[in-house]
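For the protein sequence lines, the chains are A and B, in the order given.
So the mapping is simple: my numbering equals the position in the first sequence, first residue as 1, plus 79.
So the mapping is simple: my numbering equals the position in the second sequence, first residue as 1, plus 289.
Note that beta-carbon positions come from the ideal geometry of N, C-alpha and C, so glycine has one too.
Since we're looking at a predicted model, the values are computed, not measured.
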Amino acid sequence: MDADTQKVQLLITKHNTEKKALISILQDIQAEYNYLPQEALKIVSETLDVPLINIIGVATFYRSFSLQPRGKHLVTVCMGTACHVRGGPKILEEFERRLDIEAGETTKDSQFTLETVACLGCCAIGPVVVVDGNYYAQTTIRMVGPILKKYKKKEKKNEAH
Amino acid sequence: MINLKINNLEVKAEEGWTVLEAAKFYGLEIPTLCYNEGLSVYGGCRLCLVEIGEGPKSKLVSSCTYPVEEGLVVRTGTKRVIEARKMMIELMLSIAPNSKAIQDLASKFGVTQVRFKIRNEECILCGLCVRMCAEQMDGRAIGFQNRGYKRKISTPFDIKSEVCRLCGGCMYICPVCQLKCQGPDADTTVCNACLTMDPTCLDYYDELQCWMYDAGRCGTCVRETPEKSDSKEQTRNSKAKEKNV
Ligand code: SF4
Ligand code: SF4
Ligand code: FES
Ligand code: FES
Chain A
80 MDADTQKVQL LITKHNTEKK ALISILQDIQ AEYNYLPQEA LKIVSETLDV
130 PLINIIGVAT FYRSFSLQPR GKHLVTVCMG TACHVRGGPK ILEEFERRLD
180 IEAGETTKDS QFTLETVACL GCCAIGPVVV VDGNYYAQTT IRMVGPILKK
230 YKKKEKKNEA H
Chain B
290 MINLKINNLE VKAEEGWTVL EAAKFYGLEI PTLCYNEGLS VYGGCRLCLV
340 EIGEGPKSKL VSSCTYPVEE GLVVRTGTKR VIEARKMMIE LMLSIAPNSK
390 AIQDLASKFG VTQVRFKIRN EECILCGLCV RMCAEQMDGR AIGFQNRGYK
440 RKISTPFDIK SEVCRLCGGC MYICPVCQLK CQGPDADTTV CNACLTMDPT
490 CLDYYDELQC WMYDAGRCGT CVRETPEKSD SKEQTRNSKA KEKNV
């Protein structure tokens, strides 16, 4: 999916073409494409008159931005201290095994992207796993399969429609 | 005019000066690495640390970024400063032992060991190249990317930059990608040739030619004192011969 100039321009003008709105603009582009396409960043650079390298600096600084295409579903496993001691790494391993990818990668069929995060601020319910914004508390290895299944199923249902 | 004290010396500085600038003005030497007169300050290498304040409230600050204040008390050579500075050099050495600039600093300040894992990287993230490119060359082709241990200097998308003008300014100013340190086993450890040989590579000898480089050993700009030279000269020559065989 390549960035379409008009669409990106529209997202920029939505923020009054202001330099200080850079992060909001990047967020909107990320929401639109699920990642930040190179073309889109070049358009932002030209329109806002900000050197491309500075935009790249911002885009690579924040974990929520991705320069690589992401899968349809984003799986985030918490590796913060609290979740870590309660077995976060084991859960991550299970996800890696089932999806056959490493943390930070996307499955070949572009369905799942697996990521880690250092604390989501809800340590009490750890180990925490977040899939597309849905929080799973006190996750165990046994829950990994069913969680993935749920999103795979969703996929099938949508296709049937 | 602002009055402050550096190393017990009453000095006057102009408003807006940094502690480093004031010290330099009075001829007091503070080592720096990521600082360059022609560029904005960054405060990344922490080599220019000085101690400010007195008693238990004293603290270490980077003099290249700290502005002068009325009544400020600065000390540039306390034990704390020296230890912190040595630590900085040791850390930088563990990242880029190939850098002659850092090896020279190690010898100059008596850093004789590296207790960290040697990483052999090509960059210590001093940011000189980024500032050189943006501020002097009007290029803005390279910059910092990512953060934490993944932080690096690169062009957008890691491909040939469209705005780089191939001026070479970034390489000229980089303390790591300049001429590599040719000291004994400098690749993997502390060279310290400058501590043990005389005159040292810290001094610049215009007329000396780089012949030991071909022989595979240090000596590029090092000449030994007459007393020591005889025996060492022989071993060196035989080593050079072995190489040629
Ligand atoms: S060679 Fe390119 S990257 Fe380096 S300073 Fe010049 S313009 Fe910048
Ligand atoms: S490439 Fe060289 S000048 Fe640039 S940040 Fe790294 S060490 Fe400093
Ligand atoms: S450590 Fe996982 S939410 Fe805090
Ligand atoms: S010279 Fe001051 S921090 Fe590098």
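- The set of residues with a C-beta under 6 angstroms from any non-hydrogen atom of ligand 1 comprises B:M421, B:C422, B:M426, B:G428, B:A430, B:I431, B:C453, B:R454, B:L455, B:C456, B:G457, B:G458 and B:C459, given in chain order.
- Contact annotation for A:G159 against chain B: no contact, minimum CB-CB distance about 15 angstroms [criterion: below 7 angstroms].
- For B:I431, at least one C-beta of chain A is nearer than 8 angstroms to its own C-beta.
- Boundaries of the beta strand (DSSP E) harbouring B:G432: G432 to Q434, taken from the DSSP string.
- Under DSSP, the beta-bridge partners assigned to B:K301 are B:N292.
- Counting only the Cα atoms, B:L322 lies some 32 angstroms from A:K99.
- When beta bridges are read from the DSSP output, B:K469 appears opposite B:S388.
- For a Cβ distance threshold of 8 angstroms, residue set T139 and F140 of chain A lies close to B:R436, ordered along the chain.
- Classified as buried, A:E173 has 16 or more neighbouring CB atoms from the shown chains inside 10 Å of its CB.
- The DSSP-derived three-state label of A:R221 is helix.
- In this structure, the beta-carbon distance from B:L349 to B:R364 does not fall below 8 angstroms.
- The criterion of a C-beta distance shorter than 8 angstroms is satisfied by B:V419 and B:F433.
- Measuring C-alpha to C-alpha distances from A:E125 to each of A:T84, A:Q109, A:V164 and A:V137 identifies A:T84 as the nearest.
- The beta-carbon of A:Q117 is placed less than 8 angstroms from the nearest beta-carbon of chain B.
- In this structure A:Y230 touches A:V210 by the C-beta definition: roughly 6 angstroms separates them, less than 8 angstroms.
- Under the DSSP definition of a beta bridge, A:E194 partners with A:T155.
- Interface annotation, B:F398: not in contact with chain A, CB-CB separation never under 8 angstroms.
- Counting only residues whose CB is nearer than 6 angstroms to a non-hydrogen atom of ligand 4, the list in chain order is B:T321, B:L322, B:C323, B:Y324, B:G332, B:G333, B:C334, B:R335, B:L336, B:C337, B:S351 and B:C353.
- Within the DSSP bridge table, the entry for B:R364 names B:E340 as partners.
- The criterion of a C-beta distance shorter than 8 angstroms is not satisfied by B:V357 and B:I341.
- Non-local beta-carbon contacts of A:G183 in its own chain, meaning distances under 8 angstroms to residues more than five positions away in sequence, involve L193, E194 and T195 in chain order.
- Listed along the chain, the chain B residues whose CB falls inside 7 angstroms of the CB of A:N133 are G432.
- Nearest CB-CB separation between A:P148 and chain B: not below the 8 angstroms threshold.
- For B:K348, the three-state secondary structure derived from DSSP is strand.
- Taking CB atoms only, A:G136 has a neighbour in chain B less than 8 angstroms away.
- Remark: C-beta atoms of A:K169 and A:I204 do not approach each other more closely than 8 angstroms.
- The DSSP-derived three-state label of A:N213 is strand.
- It is roughly 15 angstroms from the alpha-carbon of B:G416 to the alpha-carbon of B:K439.
- A:V137 sits in a helix when the DSSP states are folded into three classes.
- The Cβ-Cβ distance between B:M376 and B:C334 does not fall below 8 angstroms.
- Close partners of A:P168 in chain B (Cβ separation under 8 angstroms) are lacking, with about 18 angstroms as the shortest Cβ gap.
- Within 7 angstroms of the C-beta of A:V154 there is not a single heavy atom belonging to ligand 2.
- Non-local beta-carbon contacts of B:K294 in its own chain, meaning distances under 6 angstroms to residues more than five positions away in sequence, involve V362 in chain order.
- Membership of B:S443 in the beta strand (DSSP E) is indicated by the continuous run K441 to S443.
- Sequence-distant Cβ neighbours of A:L199 in its own chain, meaning closer than 6 angstroms and more than five residues away, are C157 and V207.
- Nearest C-alpha to A:Q117 among A:T160, A:A138, A:S143 and A:H94: A:A138.
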